[in-house]
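Data block below; observations after.
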Amino acid sequence: IGQYLMTLPQHLEPFLLQDNPSLTLALQVADAEYGSLSRDTEGGLADVLLGIIARGTCQTYCENIMGICELTPTAGKQLATDIDYLGNVLEDLGLNLSDHLQQVTTLLRLSSEEYQTKSSGCSPRLVAAVRQMRNITSS
Numbered sequence: 086i087g088q089y090l091m092t093l094p095q096h097l098e099p100f101l102l103q104d105n106p107s108l109t110l111a112l113q114v115a116d117a118e119y120g121s122l123s124r125d126t127e128g129g130l131a132d133v134l135l136g137i138i139a140r141g142t143c144q145t146y147c148e149n150i151m152g153i154c155e156l157t158p159t160a161g162k163q164l165a166t167d168i169d170y171l172g173n174v175l176e177d178l179g180l181n182l183s184d185h186l187q188q189v190t191t192l193l194r195l196s197s198e199e200y201q202t203k204s205s206g207c208s209p210r211l212v213a214a215v216r217q218m219r220n221i222t223s224s
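Position 92 of the sequence shown, counted from 1, bears residue number 177 in the working numbering, the numbering being contiguous throughout.
Right, dumping it as structure tokens:
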């Protein structure tokens, strides 16, 4: 996914070099942030499109992670590394991981002993799901 996200700006460029009323309308409907951008904002359309794609990617990734029934300690570490990789790709594009994916990474990196105390501040839904995946008993 990372390599495709990194090449996305160059694939979008032909569509963004000319005035495109249909694309403008679609962006206004799809993303409230677009309406607040001025027409002169450098990279405006590209930034909005990349933001929409990044949010969708993060949401889909998180939904798929929530579908995992069981994670071994090794698989949990690998998944946290994979999420970090996506975060690095998004950062190179000037974007960020979603809060939920950041929380999942945090929860995956916590030891079983500190899970209960250090998971506070994360979404209760995510805390419960990751705890169940990792087979950590709640106390």
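In this text, a Cβ means the ideal position worked out from N, Cα and C, and glycines have one as well. These numbers come from a predicted model, not from an experiment.
- Your pair L193 and L164 checks out as a contact, with CB atoms roughly 6 Å apart and the cut at 8 Å.
- For T166, the uninterrupted alpha helix (DSSP H) segment begins and ends at P158 to D177.
- At least 8 Å separates the beta-carbon of M91 from that of E155.
- Note on geometry: alpha-carbon atoms of L171 and K162 lie some 15 Å from one another.
- Out of L186, T142 and R216, the CA that lies nearest to the CA of T166 is found in L186.
- Between the alpha carbons of E148 and D104 lies a gap of roughly 35 Å.
- About 10 Å separates the beta carbons of M151 and A213, which is beyond the 8 Å limit, so they are not a contact pair.
- Look at S107 here: in three-state DSSP terms it is helix.
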